[in-house]
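What follows is one structure encoded as structure tokens, with my remarks underneath.
2 protein chains.
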Amino acid sequence: MSEFKYKQVIVLRVDLRMSKGKIAAQAGHAAVSAAEQARKHYSDWWKAWIEEGQCKIAVKAGSEQELLELELKAKKLKLPTALISDRGLTELPPGTLTCLGIGPAPSDQMDKITGELNLF
Amino acid sequence: MSEFKYKQVIVLRVDLRMSKGKIAAQAGHAAVSAAEQARKHYSDWWKAWIEEGQCKIAVKAGSEQELLELELKAKKLKLPTALISDRGLTELPPGTLTCLGIGPAPSDQMDKITGELNLF
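Protein chains in written order, with the numbering used here: chain A, 1316 to 1435; chain B, 1316 to 1435.
Structure (structure tokens):
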């Protein structure tokens, strides 16, 4: 995916064993919320990402702890983030942290945080 | 989910047997693109949906044909839509239509189109 100058990464917990429907809804939530952060606070990145075709990559985290550490790293680099907690109406307890959206942001900055994570 | 006055529905093809990572990325794409349509053209719906917590539901379509018919129905009701085609860089042929985002829009209008579809 190196041709994309901007990307968004959605980090999803694999330890929760979410259903495909839950994955789709939670990933959608992370994508919209992180994109909104970018649109409000990094509008140049957001615009460039939209124009480039919204590159999105889904990667794995093994635990809530790992999700929180990634959020902290992204915030230190001042990248847009959105941590998603489930309402708990269906398959998970209320408040469960399911995934983290990071970016859109320049790919080289994104790779510092998520470059080593396995594809979901 | 009847407490939500606004919702977004992501319709994903089950006949493609997409991986979980593909599902997450494509659902994210549909969610962001349909939300952008709403933000630009139906900003009251978009705002109300964001404030309500962005209700999102993932449902199944059995074929490309079904996806296209749903898009047509949604367009006839003047609901925001985003039909997503895959770039074909990984597991699918280029241009494959993978999913459709509809809404955010008022739940009663959404239900006319997607109310009978099975959860993904």
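Using N, Cα and C, we set each Cβ at its ideal position, and we do this for glycine too.
Query                                                                                                                                                                      : Result
Could you give the residue range of the beta strand (DSSP E) that holds A:Gln1323?                                                                                         : 1321-1328
Taking only runs of the beta strand (DSSP E) that begin and end inside the stretch 1350-1389 of chain A, which ones reach a length of at least 3 residues, in chain order? : 1371-1376
Considering only their Cβ atoms, is the gap separating B:Val1326 from B:Ala1376 smaller than 7 Å?                                                                          : yes
Evaluate the contact criterion for the stretch 1407-1414 of chain A versus the stretch 1397-1412 of chain B: three or more CB pairs, one atom per stretch, below 8 Å.      : no
For A:Ala1438, write down the residues that DSSP places opposite it in a beta bridge.                                                                                      : Since the first and last residues shown for chain A are 1316 and 1435, residue 1438 of chain A lies out of range.
Under 8 Å by Cβ, that's how I've got B:Ala1342 and A:Ala1339 pegged, so tell me the actual separation to the nearest angstrom.                                             : 4 Å
If we cut at 7 Å on Cβ distances, does B:Thr1429 have a partner in chain A?                                                                                                : no
Is it a yes or a no for the stretch 1379-1389 of chain A touching the stretch 1417-1429 of chain A, going by three-plus beta-carbon pairs under 8 Å?                       : yes
Where does B:Thr1413 sit, in a helix, a strand or coil, going by DSSP?                                                                                                     : strand
Could you compute how far the alpha carbon of B:Asn1433 sits from the alpha carbon of A:Asp1401?                                                                           : 21 Å
Given a threshold of 16 other Cβ atoms within 10 Å of its Cβ, counted over all protein chains shown, does A:Arg1328 qualify as buried or as exposed?                       : buried
Assuming B:Ala1442 and B:Gly1416 form a contact by the criterion Cβ under 8 Å, report the distance between their Cβ atoms to the nearest whole angstrom.                   : Summary: the structure shown does not reach residue 1442 of chain B, with chain B confined to residues 1316 through 1435, and so no result is reported for it.
Does DSSP classify A:Thr1429 as helix, strand or coil?                                                                                                                     : helix
Indicate whether at least one CB of chain B lies closer than 7 Å to the CB of A:Gly1343.                                                                                   : yes
Where does A:Gly1336 land, buried or exposed, given buried means 16+ other C-beta within 10 angstroms?                                                                     : buried
If the cut is a Cβ gap below 7 Å, which residues of chain B does A:Lys1335 touch?                                                                                          : Lys1335, Ile1338, Phe1435
If we call anything under 7 Å between Cβ atoms a contact, is A:Glu1367 one with A:Tyr1321?                                                                                 : yes
Check this for me: beta carbons of B:Ala1420 and B:Trp1361, under 7 Å apart or not?                                                                                        : no
Between A:Val1326 and chain B, is the shortest Cβ-Cβ distance under 7 Å, so that the two count as touching?                                                                : no
Tell me, please, which residues DSSP counts as bridged to B:Ala1397.                                                                                                       : B:Gly1416
Nearest chain A C-beta to B:Ala1389 closer than 7 Å, yes or no?                                                                                                            : no
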